[in-house]
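Residue numbers (the numbering used here), protein chains in the order written: chain A, 281 to 496; chain B, 2 to 215.
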């Protein structure tokens with residue numbers, strides 16, 4: 281049964297079809313493991329472009345958590361992330377006709393979400409919060425400490441980083457963006473992205489190693 | 002290390018560690034609110050009543066004719082970066098709150114492979130003016146004409162930013178839009194500088210004084 285035929289028709293019960301993850305390319309080192317990587321059938325996009333509310337809701341349900349999660353990781357605040365989610369989806373659904381299919385739909389949506397989150401940080405002058413630099417910042421290629429496997433500890437450590445540094449780390453490690461792409465998104469230079477990544481990774485490591493020794 | 006605290010198994014690299022973090026759930030279902038917003042007509046960018054729009058247009062037309070009425074005092078109180086033609090910040094942009102909505106999806110694209118230095122200059126100028134505007138915009142407008150003028154300029158900025166967000170623009174059109182954006186930013190900076198002047202030195206009988214701050 282094709283994916284399109286499994287989708288509910290307009291007006292039917294909104295037991296929405298489960299999202300189909302983009303092809304698992306984890307063996308491909310260049311593949312992104314972003315939470316946004318969800319294949320959206322062309323039929324669903326066509327219904328959304330036609331203004332079908334059921335299609336809108338389906339897109340919202342599929343991408344609600346990836347958008348909220350990205351906004352939360354960048355903004356560091358649940359209320360802010362909720363507002364960013366609303367604004368992102370509102371912009372997306374109102375401008376869905378602008379999507380020309382030149383790349384995956386989820387990539388376009390992710391771009392809107394990242395811009396919205398960064399704009400909120402920019403508005404609050406929080407993108408000025410960076411880790412001070414000491415000159416040459418060598419890359420930190422060592423494996424993360426064991427505590428990094430604990431999502432709660434990792435989340436707590438990320439929140440302790442300055443907003444700009446945290447954003448660079450998330451966009452690089454979680455969303456798979458290059459330094460050039462991060463520079464363009466954050467209106468900075470690639471060298472800024474590289475230095476914040478190096479410094480931020482070292483700080484993250486230090487924070488997690490403190491977590492591993494709670495009685496230290 | 003206490004037995005009750007067992008470390009998880011080590012992850013391979015930071016990519017895996019970040020990818021393993023679960024997706025977060027929003028505190029409440031946002032769909033009903035979104036559906037209601039979608040049902041409303043899209044908010045147009047700060048459309049003014051016709052009378053205010055006419056007043057704003059008149060102010061724009063009069064801008065080049067307003068003379069500098071008084072000399073600058075020894076200390077203007079303006080931010081140091083506004084006093085002279087300072088070099089731009091290193092890609093740092095601080096947008097004013099009014100700018101945020103309209104510029105949410107606009108970012109200067111990467112330089113073309115052939116090195117479009119003119120467009121790079123326009124992008125850099127846009128970022129510099131945004132930063133300057135953010136510094137000057139801390140003072141809320143108290144003059145009705147200034148408010149109308151500022152609102153009109155922001156409205157036009159929003160239209161340009163909407164156009165720039167489109168993916169099908171050719172290079173010539175995109176460059177033209179960026180130049181228009183820079184021109185509008187210069188006007189906004191002029192209005193904001195005037196607001197700051199009035200806040201610092203103005204009184205009920207003060208005449209307009211335009212100060213070129215860049």
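Just so it is clear, CB atoms sit at the ideal spot from N, CA and C, and this is done for glycine as well.
- Residue 419 (chain A) counts as exposed, since fewer than 16 other beta carbons sit within 10 angstroms of its beta carbon.
- For residue 464 (chain A), the enclosing alpha helix (DSSP H) stretches over residues 459-466.
- Counting along the chain, residue 16 (chain B) sits inside the alpha helix (DSSP H) bounded by residues 15-20.
- By the Cβ-count criterion, residue 183 (chain B) is buried, with 16 or more other Cβ atoms from all chains shown falling within 10 Å of its own Cβ.
- Excluding the 5 residues flanking it on each side, residue 410 (chain A) has same chain C-beta neighbours closer than 7 Å at 442, 444, 445, 476, in chain order.
- A residue is called buried once 16 or more other Cβ atoms fall within 10 Å of its Cβ, and residue 356 (chain A) is buried on that count.
- As the crow flies, the alpha-carbon of residue 434 (chain A) is around 5 Å from that of residue 428 (chain A).
- The shortest CA-to-CA distance from residue 313 (chain A) to any of A:455, A:468, A:469 is the one to A:455.
- Nearest to residue 378 (chain A) by C-alpha distance, out of B:42, B:170, B:174, is B:170.
- For the C-beta of residue 24 (chain B), the chain A residues within less than 7 Å are, from N- to C-terminus, 315, 345, 346, 349.
- By the rule that beta-carbons nearer than 8 Å mark a contact, residue 39 (chain B) touches chain A.
- Exclusion of the five residues before and after residue 352 (chain A) leaves 358, 361 as the residues of its chain whose Cβ lies within less than 7 Å of its Cβ.
- Taking each of A:322, A:422, A:431 in turn and checking the Cα distance to residue 25 (chain B), the smallest one comes out for A:431.
- A straight line joining the alpha-carbon of residue 486 (chain A) with that of residue 186 (chain B) spans about 43 Å.
- Segment contact: the region 334-347 of chain A against the region 14-33 of chain B, three or more CB-CB distances shorter than 8 Å; contact assigned.
- Within chain B, no C-beta atom comes nearer than 9 Å to that of residue 457 (chain A); the closest sits roughly 12 Å away.
- Shortest Cα-Cα distance from residue 478 (chain A) to any of A:424, A:464, A:367, A:323 involves A:424.
- Against chain A, the beta carbon of residue 32 (chain B) has neighbours under 7 Å at 337, 340, listed in chain order.
- Contact check for residue 364 (chain A) against residue 396 (chain A) passes: the beta carbons are separated by less than 8 Å.
- Counting along the chain, residue 363 (chain A) sits inside the alpha helix (DSSP H) bounded by residues 358-374.
- The C-alpha of residue 488 (chain A) is placed about 37 Å away from the C-alpha of residue 383 (chain A).
- Contiguous alpha helix (DSSP H) elements confined to the region 318-354 of chain A occur at 322-329, taking only those with 4 or more residues.
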